[in-house]
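J.: If you count the sequence shown from 1, you need to add 183 to reach my numbering. We put the beta carbon where it would ideally sit given N, CA and C, even for glycine. These numbers were taken from a predicted model, which means no experiment stands behind them. Before I ask anything, here is the structure I am working with.
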Amino acid sequence: MKIAIVCYPTFGGSGVVATELGIALAKRGHEVHFITYRQPVRLDLLMERVFFHEVNVPDYPLFHYQPYELALSSKLVNIIKAYHIDLLHVHYAIPHAYAGYMAKKMLQQEGMNIPMVTTLHGTDITLVGNHPFYKPAVTFSINKSDYVTSVSKSLKEDTLRLFTIKRDINVIPNFIEQGNIKEGFTDCQRDLMAQPHERIITHISNMRAVKCIPDVIKVFAKIQEEIPAKLIMVGEGPEREPGENLCDELGIGKKVVWLGNSNEIDKILCFSDLFLLPSRAESFGLAALEAMAHGVPVVSSNAGGLSEVNVNGISGYLSDIGDVDTMATNALSILTEDSTLQRFKEQARAEAKKFDIDYIVPMYEEIYEKALGKSQKKARA
Ligand code: GMT
Numbered sequence: 184m185k186i187a188i189v190c191y192p193t194f195g196g197s198g199v200v201a202t203e204l205g206i207a208l209a210k211r212g213h214e215v216h217f218i219t220y221r222q223p224v225r226l227d228l229l230m231e232r233v234f235f236h237e238v239n240v241p242d243y244p245l246f247h248y249q250p251y252e253l254a255l256s257s258k259l260v261n262i263i264k265a266y267h268i269d270l271l272h273v274h275y276a277i278p279h280a281y282a283g284y285m286a287k288k289m290l291q292q293e294g295m296n297i298p299m300v301t302t303l304h305g306t307d308i309t310l311v312g313n314h315p316f317y318k319p320a321v322t323f324s325i326n327k328s329d330y331v332t333s334v335s336k337s338l339k340e341d342t343l344r345l346f347t348i349k350r351d352i353n354v355i356p357n358f359i360e361q362g363n364i365k366e367g368f369t370d371c372q373r374d375l376m377a378q379p380h381e382r383i384i385t386h387i388s389n390m391r392a393v394k395c396i397p398d399v400i401k402v403f404a405k406i407q408e409e410i411p412a413k414l415i416m417v418g419e420g421p422e423r424e425p426g427e428n429l430c431d432e433l434g435i436g437k438k439v440v441w442l443g444n445s446n447e448i449d450k451i452l453c454f455s456d457l458f459l460l461p462s463r464a465e466s467f468g469l470a471a472l473e474a475m476a477h478g479v480p481v482v483s484s485n486a487g488g489l490s491e492v493n494v495n496g497i498s499g500y501l502s503d504i505g506d507v508d509t510m511a512t513n514a515l516s517i518l519t520e521d522s523t524l525q526r527f528k529e530q531a532r533a534e535a536k537k538f539d540i541d542y543i544v545p546m547y548e549e550i551y552e553k554a555l556g557k558s559q560k561k562a563r564a
């Protein structure tokens, strides 16, 4: 199948899932065309059957806002025609589903029926999408998609609660390629980050308000009062600077390492003992799954779909959003004894296996087959 994937090219979870999915589809024999404004961060272009097409929006003094949706839908029309694409898969409803639908309509005028699958990732529904500024357009474009998927049951429920949706929503969770992890790392350079007796706590995110960075720091502050520990903060975003200030105020600045955005997530997780994710909204929590796959237990909030990934008492612990005391107690109960930590590490790895790429990618292929079948039927009618 020839598949066009539209996504954000950044470090955010939706872009990572879209990129890893495209790579997996190409390995399984499909031809995959990524269409976005920059080369996706996890994409190596020198891969068989993988193409990247950049969307450019030229500056024009009249425009206060550059019309990205317009440029994207025009690019989609051109690429779909030029490469004889069979199916369009858009990740993140805003504005991708809207631009995709416009492309679909333009192509229909020329007698081409291109099915569109929309994957909802989280903030496109729970934070941004339901704002009155966007809601009518988001509702419209979800309803106009041929198939809709969401990354958790929780996100499906949120979508049905917040929007008037006439489509079925298929839950297809985020996934992980366990094979890559095993093959990739033999060499955990733990001593670069901490003394042998220190536990390493890690947080990875785009450091937005929804990730509750102050809670990460407060939980760590409590942990390091009891046991020697280091905190590794990975990612960039508006909450980083206030977070650094809070560490200084709490007198723990020297125990916290801020790494910024990194392409070396595997190396970082390889030497981590615990992952903190106290988000106030999280449709799935890909970062938590990546940690678990590396054998890193997770202490998280119970927001959104986190309980579908992090199993309380097995792969880590869940507690109410903002309950930093319980999070710290739970973290200490995992970290204090070597034998308990080892048990949680093994359990976390075992739970992550349920989300292996080999189970999840066929779920997308099944949706594609159905979408294609439906559009061919339509064309024949
Ligand atoms: O929150 C992020 O890290 C970025 C965000 C995005 O849209 O790129 O991630 C969302 O999609 C991920 C992949 O499906 C999910 O694993 C994240 O839970 C989700 N983030 C939120 O819901 C806040």
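1) Does the region 402-422 come within contact of the region 506-523, defined as at least 3 CB pairs closer than 8 Å?
2) By DSSP, does residue 301 sit in helix, in strand, or in coil?
3) Considering only residues of the same chain and omitting the five flanking positions on each side of residue 202, which have a CB-CB separation below 6 Å?
4) What is the DSSP secondary structure of residue 188, counted as helix, strand or coil?
5) Would you mind sorting residue 244 into buried or exposed? The rule is 16 or more other CB atoms within 10 Å of its CB.
6) May I ask whether a heavy atom of the ligand GMT can be found less than 6 Å away from the beta carbon of residue 207?
7) Nearer than 6 Å: is that true of the beta carbon of residue 276 relative to any heavy atom of the ligand GMT?
8) Between the region 383-403 and the region 452-464, do at least 3 Cβ pairs fall closer than 8 Å?
9) Touch check for the region 350-365 and the region 425-439: three-plus C-beta pairs under 8 Å?
10) Expressed to the nearest angstrom, what Euclidean distance is found between the alpha-carbon atoms of residue 402 and residue 210?
11) Alpha carbon to alpha carbon, how far is residue 217 from residue 279?
12) Is residue 304 close to the ligand GMT? I mean its beta-carbon at under 6 Å from any heavy atom of the ligand.
13) Please work out which residues of its chain come closer than 6 Å, Cβ to Cβ, to residue 386, disregarding the five sequence neighbours upstream and downstream, and give them in chain order.
14) With DSSP as the reference, label residue 330 as helix, strand or coil.
15) Are the CB atoms of residue 346 and residue 309 nearer to each other than 7 Å?
16) The ligand GMT and residue 467: does any heavy atom of the ligand fall closer than 6 Å to the residue's C-beta?
17) Would you grab the beta carbon distance between residue 300 and residue 542 for me? Rounded to a whole angstrom, and I think it's under 8 Å.
18) Anyone know if the C-beta pair for residue 285 and residue 324 falls short of 7 Å?
19) According to DSSP, residue 253 sits in a beta bridge with which residue or residues?
20) Whole beta strand (DSSP E) runs in the region 471-525 with 3 or more residues, listed along the chain?
21) Look at the Cβ atom of residue 494, then the Cβ atom of residue 529, and state whether they are nearer than 7 Å.
22) Which one of 249, 505, 275 and 236 has the shortest CA to CA distance from residue 263?
23) Expressed to the nearest angstrom, what Euclidean distance is found between the alpha-carbon atoms of residue 259 and residue 373?
24) For the ligand GMT, is there any heavy atom lying closer than 6 Å to the beta carbon of residue 445?
25) Looking only at C-alpha atoms, which of 212, 486 and 241 sits nearest to residue 335?
26) Could you give the distance in angstroms between the alpha-carbon of residue 350 and the alpha-carbon of residue 545?
T.: Considering the structure as presented:
1) Put simply, the region 402-422 touches the region 506-523. At least three CB pairs are less than 8 Å apart.
2) Here residue 301 sits in strand by DSSP.
3) Sequence-distant Cβ neighbours of residue 202 in its own chain, meaning closer than 6 Å and more than five residues away, are 223, 225 and 226.
4) Of the three classes helix, strand and coil, the one that applies to residue 188 here is strand, per DSSP.
5) Classification of residue 244: exposed, given that the 10 Å Cβ count is below 16.
6) Residue 207: no, Cβ never under 6 Å from the ligand GMT.
7) No, since every heavy atom of the ligand GMT falls outside the 6 Å radius drawn around the Cβ of residue 276.
8) Contact holds: three or more Cβ-Cβ distances are below 8 Å.
9) Two segments are said to touch when three or more pairs of C-beta atoms, one from each, lie closer than 8 Å; by this definition the region 350-365 does not touch the region 425-439.
10) When rounded, the distance between both Cα atoms is 41 Å.
11) Going by the C-alpha atoms only, they are around 13 Å apart.
12) For residue 304, the CB falls within less than 6 Å of some heavy atom of the ligand GMT.
13) Non-local C-beta neighbours of residue 386 in its own chain, meaning closer than 6 Å and more than five positions away in sequence, comprise 399, 416 and 459, ordered along the chain.
14) Residue 330 sits in a strand when the DSSP states are folded into three classes.
15) No. Outside cutoff.
16) Yes.
17) Not really, about 18 Å apart at Cβ, beyond 8 Å.
18) For residue 285 and residue 324, no; Cβs fall outside 7 Å.
19) DSSP lists no partner for residue 253.
20) Listed in chain order, the complete beta strand (DSSP E) runs (minimum 3 residues) inside the region 471-525 are 481-484 and 499-502.
21) For residue 494 and residue 529, no; Cβs fall outside 7 Å.
22) The candidate whose alpha carbon is nearest that of residue 263 is 236.
23) Take the alpha-carbon of residue 259 and the one of residue 373: they are about 45 Å apart.
24) Not under cutoff, so the answer is no.
25) Ranking the options by Cα distance to residue 335, first place goes to 486.
26) If I take the Cα positions, the gap works out to 21 Å.
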